[in-house]
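Enquirer:
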Amino acid sequence: MRREAEQRVAELRRLIEHHNYRYYVLDNPEIPDAEYDRLMRELQQLEAAHPELATPDSPSQRVGGQPLPEFAPVRHRVPMLSIRTETDTTEAGAIAFDARVRKQLGLDENAPPVEYAAELKFDGLAVSLRYEHGVLVQAATRGDGETGEDVTQNVRTVHIIPLRLDTEHPPEVLEVRGEVYMRRDDFERYNDKQRKLGRPTLVNPRNGAAGSIRQLDPAVAAQRPLSFFCYGIGETAGWAVPATHGQLLDALAELGLPVSTERVVGPGIATLLAFHQSIADKRDSLPFDIDGVVYKVNSVELQQQLGFVAREPRWAVAHKYPAQEELTVVEAIDVQVGRTGALTPVARLKPVFVGGVTVTNATLHNEDEVRRKDVRIGDTVIVRRAGDVIPEVVAILPERRPMRDLVTPLNEAFAMPTRCPECDAPVVKLEGEAAARCTNGLSCPAQRKQALIHFASRRAMDIEGLGDKLVEQMVDKGLIRTPADLYGLAVEQVAGLERMAEKSANNLIAAIDHSKRKDLARFIFALGIRNVGEQTAKDLARHFGKLDALMQADEAMLMLVPDVGPVVAESVLAFFAEPHNRAVIERLRAAEAWRDGEARPMVAGHLAGKTFVLTGTLPTLAREVAKARIEAAGGKVAGSVSKKTDYVVAGAEPGSKFTKAQELGVTILDEAQLLQLLEGSVG
Ligand code: IVH
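Here the sequence shown stands for residues 133 to 815, numbered as in the working numbering.
#1: Note down the Cα distance separating G815 from A754, rounded to an integer number of angstroms.
#2: Decide if N572 is buried, meaning its Cβ has at least 16 other Cβ atoms within 10 Å, or exposed.
#3: Per DSSP, what kind of secondary structure is I401 in: helix, strand or coil?
#4: Provide the residue span of the beta strand (DSSP E) that contains N242, from first to last.
#5: Under the DSSP definition of a beta bridge, which residues are partnered with G310?
#6: So N493 is in the beta strand (DSSP E); what residue range does that whole segment cover?
#7: Quick check: E730 and L705, are their CB atoms within less than 8 Å of each other?
#8: P786 to A770, Cα distance in whole Å?
#9: Could you give the distance in angstroms between the alpha-carbon of A354 and the alpha-carbon of T289?
#10: State the DSSP-derived secondary structure class of K678, mapped to helix, strand or coil.
#11: Starting from the Cα of V696, find the closest Cα among L720, R761, T368 and F655 and give me that residue.
#12: Hey, is G439 close to the ligand IVH, as in C-beta under 7 Å from one of its heavy atoms?
#13: Short of 8 Å in beta carbon distance, which residues of its chain neighbour E763, apart from the five on each side in sequence? Order them along the chain.
#14: Buried or exposed: where does F485 fall if 16 or more other Cβ atoms within 10 Å of its Cβ makes it buried?
#15: Quickly, what does DSSP pair E444 with across the bridge? List them, please.
#16: Looking at M212: is its Cβ nearer than 8 Å to the Cβ of G277?
#17: Determine the extent of the beta strand (DSSP E) in which A271 is found, giving its start and end residues.
#18: Pull up the CB-CB distance for L739 and G766, whole angstroms please, since I reckon it's below 8 Å.
#19: What residues in its chain sit with their C-beta under 8 Å from that of R209, if we drop five residues either side in the sequence?
#20: In angstroms with no decimal places, state the Cα-to-Cα distance between F229 and H408.
#21: Would you mind sorting H377 into buried or exposed? The rule is 16 or more other CB atoms within 10 Å of its CB.
#22: Which whole-angstrom value describes the C-beta separation of P188 and V267, a residue pair presumed to lie in contact below a C-beta threshold of 8 Å?
#23: Less than 8 Å separating the beta-carbons of M606 and L629?
#24: Taking the DSSP output, what are the residues bridged to A468?
#25: Taking one C-beta from the region 294-311 and one from the region 252-271 each time, how about it: are there three or more such pairs within less than 8 Å?
#26: Rounded to the nearest angstrom, what separates Y453 and G424 at their Cα positions?
#27: Spatial neighbours of V432 within its chain, please: CB distance less than 8 Å, with the 5 preceding and 5 following residues excluded, ordered by chain position.
#28: Would you check if there are 3 or more beta carbon pairs closer than 8 Å linking the region 432-447 to the region 482-500?
#29: Could you tell me the distance, in whole angstroms, from the CA atom of L481 to the CA atom of P534?
#30: Using the Cα positions of E710 and V716, report the straight-line distance between them to the nearest angstrom.
#31: Checking 8 Å against the spacing of the C-beta atoms, do A392 and E251 come in under that value?
#32: Run through DSSP, which three-state label would G620 get?
#33: In chain order, what residues of the same chain lie with their CB nearer than 7 Å to the CB of D466, ignoring the 5 residues before and after it?
#34: For A527 versus V335, is the C-beta spacing smaller than 8 Å?
#35: Which residues bound the beta strand (DSSP E) around T817?
#36: Taking 6 Å as the limit between beta carbons, can you name the residues of its chain near E554, skipping five residues before and five after?
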């Protein structure tokens, strides 16, 4: 019995480890989660029944054990150091580091360049992993560098950290140092899940990583998707320490420890600068946050020669990038009105340098988002700007809220205005939509401006020189209200505007004139119909050929256009039903703003003479739509199956017509096959 249990435990561990590897490392599981859970439960039950079989490297340790009252202190036998940070964010940092190293090593200008290793500065929590005879026995945080906290239970839940080193001859002792971090996609996924469950979210990946490792309940830590990279070692015994940092990392990777591939070894400053630049270029596309790069003298012997000052080695330096998150204060919360009337709350910020630029505004997305984050005027907030993404408010610092306990107009909770801030029309929030909208359409000056800016934009009518500022001025001055007004503008009217000399006024009028007779697809796109993007505009233009045909189409006719569903059809109908829009279009017609084309020649009746019967629910096509399309292609739709039926189109839960079709040997199609047939590609 005992022997059987022992064998099965060994077998289960082997299986589970194999599946962990498929899942966490290769991202390519072989078995469903439920099957994995069964294996894990069986292992846990056997270990509970035979405590003598439990080991610290059993995969069952990864799911989190009993909560701790507190973390036990761990004394680091080799202190955990920190690194000096070059505050200079330009090349000067690398140059100064190299100069110091060379001076301390007594190298003059004629001596060859020093060999360096350059790697990423991960943004998470430093931990030290102690492997004895190849088994992970303890994990500790850095603490003050001398004494950290025992976080072994939590670290065991990090799947990428091996519980056993992958070697036949493990060192007696190997302490591995590195950073626990959270990938950005894991962070987003975790927060989405929490939000759906109405549970608290993590502020950023770094806090997510640090907070999870310093969690007293390992079962909670086990729920958090954490990762790890090594960057060094602490105490070792019975191990031949490699001669260079580069070789050290290779050796750690060989033992199955995660090491980032974003690293280089090479001579002198040039290596450092090239690495700094190449990482700066791809910083935003890395799957995790970094706050800079680290340069290290590659030779371990030279490292020892250089030694330390205070708690910092002389042989390593961190070169930081501009921070992507900074603190600032919310001075106001404004509400902006977009082209379709959507109201977007925007935080006006005390100017702050973040992500390489000065930021004064950050989007708050929508009302729910402001409520969730509870952003109020006067709050100190974390602002994030990564790459070209628009800056956003990540979170507030509640402890810094002024007059927390007083309710003043300044720190009242944000509420979306009930009337449009631009035109005072009522605001509505439709069910299932995040955005509140102004109901005034193009009578709202803000929507009018946005509609005009869109109309003139490059992918629409492409009116060169007509940008945001100019449109705003012209609307404010009452020169234009609708796109049609553009085509009646005179040079003198435009020349009167700010920063408009006669020449640029002439150019603008010429550009407006030049934009005329655009092809129908661009013109439809330029109209700014909700839910009609560039591609849909092209599809509509190709299908209808002439604007009048589009304007006269009913819902069923619109839905004959490939990829047009009820939402788009509804938006198109609503747009053309608006008398104001029709009036503007008539004036644009008079100005010859667009050029009609030819309707797409219907593959005239290629299904003429064919009889179809529909049964069951089709996955995407409504029955009427399927019928309309068949008829448009010349086919006939009958109510019952007979020998004369050419095709039966069957969806989910088909009725007796399906059985009948089988009996009579009639061709049965699914929706995809019907669509192919309609396209004329088969049949
Ligand atoms: S080496 C002997 N390398 O930065 C030098 N540290 O300020 C010890 N860090 O506590 C550290 N990435 O948490 C080193 N590639 C890297 C690093 C790194 C991130 C963190 C680590 C450390 C802090 C030092």
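For each residue, glycine too, the CB sits at the ideal point set by N, CA and C.
Since the model is a prediction, treat every value here as computed from it, not as a measurement.
Expert: Checking against the coordinates, here is how it stands:
#1: Reliability fails at G815, whose pLDDT of 40 lies under 50, so the model's placement of it is uncertain and no value is given.
#2: The residue in question, N572, is buried, as its Cβ has 16 or more Cβ neighbours within 10 Å.
#3: I401 sits in a helix when the DSSP states are folded into three classes.
#4: Taken as a continuous stretch (DSSP letters only), N242 belongs to no beta strand (DSSP E), as it is neither H nor E.
#5: As a beta-bridge residue in DSSP terms, G310 pairs with V259 and C362.
#6: Taken as a continuous stretch (DSSP letters only), the beta strand (DSSP E) holding N493 covers V489 to T495.
#7: Going by C-beta atoms, E730 is not nearer than 8 Å to L705.
#8: Rounded to whole angstroms, P786 to A770 spans 16 Å at the Cα level.
#9: Straight-line Cα distance between these residues: approximately 5 Å.
#10: Coil, per DSSP.
#11: For V696, the closest alpha carbon among the candidates L720, R761, T368 and F655 is that of R761.
#12: The beta carbon of G439 sits no closer than 7 Å to any heavy atom of the ligand IVH.
#13: The answer, listed in chain order, is V769.
#14: Under the 10 Å beta carbon count, F485 is surrounded by fewer than 16 other beta carbons and is classified as exposed.
#15: Its beta-bridge partners are V441.
#16: The answer is yes: Cβ separation under 8 Å.
#17: Looking at the DSSP string, the run of the beta strand (DSSP E) that includes A271 is V267 to T273.
#18: That belief holds up - the Cβ atoms of L739 and G766 are roughly 5 Å apart, short of 8 Å.
#19: Once the five neighbours on either side are set aside, the close Cβ partners of R209 are E307, G366 and E367.
#20: Each residue's Cα considered, the two are about 14 Å apart.
#21: With a threshold of 16 other beta carbon atoms within 10 Å, H377 meets it and is buried.
#22: Correct: roughly 6 Å between the Cβ atoms.
#23: Going by beta carbons, M606 and L629 fall inside the 8 Å limit.
#24: Rather than Ala, the amino acid found at residue 468 in this sequence is Gln. By DSSP's assignment, Q468 forms a beta bridge with T476.
#25: Contact between the region 294-311 and the region 252-271 is present, with at least three C-beta pairs closer than 8 Å.
#26: Each residue's Cα considered, the two are about 5 Å apart.
#27: Counting only Cβ-Cβ distances below 8 Å, and skipping sequence neighbours, we find V373, P374, A375, T376, H377 and L380.
#28: No, the region 432-447 is not in contact with the region 482-500.
#29: Cα atoms of L481 and P534: separation of roughly 16 Å, rounded to the nearest angstrom.
#30: When only Cα atoms are considered, E710 and V716 end up about 10 Å apart.
#31: Checking the displayed sequence, the identity of residue 392 turns out to be Ser instead of Ala. Yes. Within cutoff.
#32: Note: G620 maps to coil in three-state DSSP.
#33: Within its own chain, the residues whose Cβ lies closer than 7 Å to the Cβ of D466, once the five positions on either side in sequence are excluded, are V478 and R480, listed in chain order.
#34: The criterion of a C-beta distance shorter than 8 Å is satisfied by A527 and V335.
#35: Beyond the ends of the chain as shown, which are 133 and 815, falls residue 817; an answer cannot be given.
#36: Correct list, in chain order: V469, C576, P577 and A578.
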